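Undergrad:
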Amino acid sequence: MNSQPSTVVPSIGETFGALYVGAIIASVLFGITNLQSVIYYKRYPNDWWLYRCSVALLWVLDTLHVVLSTHALYFYLIDMFGNLSGALVQSVWYVSRAQLVVNVVIVIYVPGLYAIRLWKLGRHFHKVLPWFVFLTMASSLGAGIFMIYEISMTPNFSAISDIKTSIYAVFSTVAATDFVIALMMCYYLHKSRTAMNVSTTACRVLNLMRLVIVSGLATSTCSLLTLISYIAWPESLIFLGIVFILPKLYVNSLLAMYTIFSSSLPEAYLR
Numbered sequence: 001m002n003s004q005p006s007t008v009v010p011s012i013g014e015t016f017g018a019l020y021v022g023a024i025i026a027s028v029l030f031g032i033t034n035l036q037s038v039i040y041y042k043r044y045p046n047d048w049w050l051y052r053c054s055v056a057l058l059w060v061l062d063t064l065h066v067v068l069s070t071h072a073l074y075f076y077l078i079d080m081f082g083n084l085s086g087a088l089v090q091s092v093w094y095v096s097r098a099q100l101v102v103n104v105v106i107v108i109y110v111p112g113l114y115a116i117r118l119w120k121l122g123r124h125f126h127k128v129l130p131w132f133v134f135l136t137m138a139s140s141l142g143a144g145i146f147m148i149y150e151i152s153m154t155p156n157f158s159a160i161s162d163i164k165t166s167i168y169a170v171f172s173t174v175a176a177t178d179f180v181i182a183l184m185m186c187y188y189l190h191k192s193r194t195a196m197n198v199s200t201t202a203c204r205v206l207n208l209m210r211l212v213i214v215s216g217l218a219t220s221t222c223s224l225l226t227l228i229s230y231i232a233w234p235e236s237l238i239f240l241g242i243v244f245i246l247p248k249l250y251v252n253s254l255l256a257m258y259t260i261f262s263s264s265l266p267e268a269y270l271r
């Protein structure tokens with residue numbers, strides 16, 4: 001009797017099913033991104049040029065992310081319907097690679113904008129502490145560049161386990177960066193609140209601190225969930241389903257921060 005070792009193929013629910021669910025949630029968040037972008041430009045047309053250009057750039061990247069995700073999912077779920085093992089090795093992986101690269105760029109770029117905002121806020125109190133944020137950002141940037149390189153060398157979904165080192169590095173450093181940014185942002189906002197005598201402005205700053213904590217916890221938790229899901233189910237694509245959602249959380253948290261910061265803090269703290 002001729003017996004050959006069989007290759008275990010993950011179920012469609014653990015692979016493209018997870019991507020499909022992640023894409024649906026990401027699409028909902030993309031709609032919120034559009035709404036927040038319109039609100040930002042209507043309320044603050046004279047905001048600093050870097051922030052206005054950054055919002056436009058992030059919207060373009062987020063739109064590109066949705067387009068690439070939709071194209072890849074259509075190919076895998078419609079064109080390759082019923083051929084799971086074949087879909088995992090198809091050449092349309094180049095689209096998925098581009099989508100993952102856009103994902104990494106957003107996840108690294110948004111904390112960089114947070115770091116700039118922290119530096120502008122922190123320079124009124126400390127000169128050294130903001131540089132700790134830039135150090136954590138540098139580690140995330142290095143890990144992100146390494147991951148982009150490894151993604152470009154990965155032929156298909158089946159070989160994604162070959163880049164596990166960069167996956168560990170990116171999402172652990174990103175989670176750590178989010179935590180540091182949220183912690184220092186709250187510290188500086190608390191210092192700003194005590195430095196202000198106007199009770200209304202102080203209350204707004206307190207609300208802003210709550211937003212920073214919630215958004216920082218959301219992005220950190222999502223990064224950690226991505227890492228945990230990859231460690232727990234390395235042969236599945238569950239972690240990629242979460243990765244679809246991650247950049248949308250970053251963009252929306254940044255837009256919310258821009259909107260509330262511009263209305264809550266005096267001009268001297270923003271420029």
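Counting with the UniProt record's numbering, you get residues 1 to 271 for the letters of the sequence shown.
Yeah, the Cβ is synthetic: ideal placement off N, Cα and C, and Gly gets one too.
These figures come from a predicted structure and were not determined experimentally.
What separation, rounded to the nearest whole angstrom, lies between the Cα atoms of T70 and A26?
TA: 11 Å
Undergrad: In this structure, does DSSP put G17 in helix, strand or coil?
TA: helix
Undergrad: On the criterion of 16 or more Cβ atoms from any shown chain inside 10 Å, does F239 qualify as buried, or is it exposed?
TA: In the assembly as shown, F239 is a buried residue. Its beta-carbon has 16 or more other beta-carbons within 10 Å.
Undergrad: So the candidates are A176, L73, R97; which of them puts its Cα closest to the Cα of L135?
TA: A176
Undergrad: Would a C-beta distance cut-off of 8 Å place I181 and Y109 closer than the cut-off?
TA: No. Outside cutoff.
Undergrad: Assuming Y44 is part of the alpha helix (DSSP H), what are its boundary residues?
TA: Unbroken run through Y44: none, as it is neither H nor E.
Undergrad: Would you call D62 buried or exposed, if buried means 16 or more other Cβ atoms sit within 10 Å of its Cβ?
TA: buried
Undergrad: Determine, using beta-carbon pairs with one atom in the segment 159–166 and one in the segment 210–228, whether at least three such pairs fall under 8 Å.
TA: no
Undergrad: Measure the Cβ-Cβ separation of V55 and L211 and say whether it is below 8 Å.
TA: no
Undergrad: So, residue 290 versus V107, is the Cβ gap smaller than 8 Å?
TA: Residue numbering for the chain in the displayed model covers 1 to 271; residue 290 lies beyond these limits and cannot be assessed.
Undergrad: Going by C-alpha distance, which of Y188, N252, G144 is nearest A169?
TA: G144
Undergrad: So the alpha helix (DSSP H) V60 belongs to, where does it begin and stop?
TA: 49–74
Undergrad: Taking C-alpha atoms, which residue in G13, G17, A23 lies nearest to residue 323?
TA: A question about residue 323 goes unanswered here, because the residues of the chain that appear run from 1 up to 271.
Undergrad: Would you tell me roughly how many angstroms separate the C-alpha atoms of A138 and M80, rounded to the nearest one?
TA: 40 Å
Undergrad: Are P247 and H65 close, meaning C-beta to C-beta below 8 Å?
TA: yes
Undergrad: Between the C-alpha atoms of C222 and W59, what's the straight-line distance to the nearest angstrom?
TA: 20 Å
Undergrad: For A18, count the other beta carbons within 10 Å of its own beta carbon; 16 or more makes it buried, fewer makes it exposed. Which is it?
TA: buried
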